[in-house]
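All remarks here apply to the structure that follows.
Numbering (my numbering), first residue to last: 57 to 199.
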């Protein structure tokens, strides 16, 4: 037994393995990669930004929709400040606002459609779809 102990180093070495994972630009790109389930995914809104969690609508109207706002049950207060709307708030798994700056960055680099879906408490549904959607910068008051 003493001979074996001499072969095992007494200090533990740390091995760090970095794995570079593909971070997508939007939910359409995730959908094109093969994802088909609605849910929370990670995107990189701008090349130099931190990855951001978003809810992706993959099962309706062709899939690949990046949800910029999600309301489910009224649990999130949407009476917020300019700063909160700029940065985003809530939880993509529930209710959230992606953030005006993220929406601006996202829609500034490609052409996006906007689909607004509404459902009332009696399960009546309606929608409107706009083929070109872009949000201006903060200097443009996010118009």
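For each residue, glycine too, the CB sits at the ideal point set by N, CA and C.
Please read all numbers here as calculations on a predicted model, not as lab measurements.
Here the alpha carbons of residue 129 and residue 158 stand approximately 24 Å from one another. The beta carbons of residue 152 and residue 198 sit no closer together than 9 Å. In its chain, beyond the 5 residues on either side, 161 have a beta carbon closer than 7 Å to the beta carbon of residue 102. In the same chain as residue 191, and ignoring 5 residues on each side of it, the C-beta atoms closer than 6 Å to its own belong to 159, 160, 163, 198, in chain order.
Closest in C-alpha terms to residue 176, from the list 82, 127, 96, 115, comes 127. In the three-state DSSP reduction, residue 191 falls in the coil class, being neither helix nor strand. Straight-line spacing of the CA atoms in residue 132 and residue 117 works out to 26 Å. By the Cβ-count criterion, residue 107 is exposed, with fewer than 16 other Cβ atoms from all chains shown falling within 10 Å of its own Cβ. The C-beta distance from residue 92 to residue 110 rounds to 16 Å, too long to meet the 8 Å contact threshold. Taking a contact as a CB-CB distance under 8 Å, the pair residue 84 and residue 120 counts as one, their CB atoms being some 4 Å apart. The Cβ neighbour count for residue 174, taken over all protein chains shown within 10 Å, is under 16; the residue is labelled exposed. Here residue 184 has 171, 172 as same chain residues with Cβ atoms under 8 Å from its own Cβ, once five neighbours each way along the sequence are excluded.
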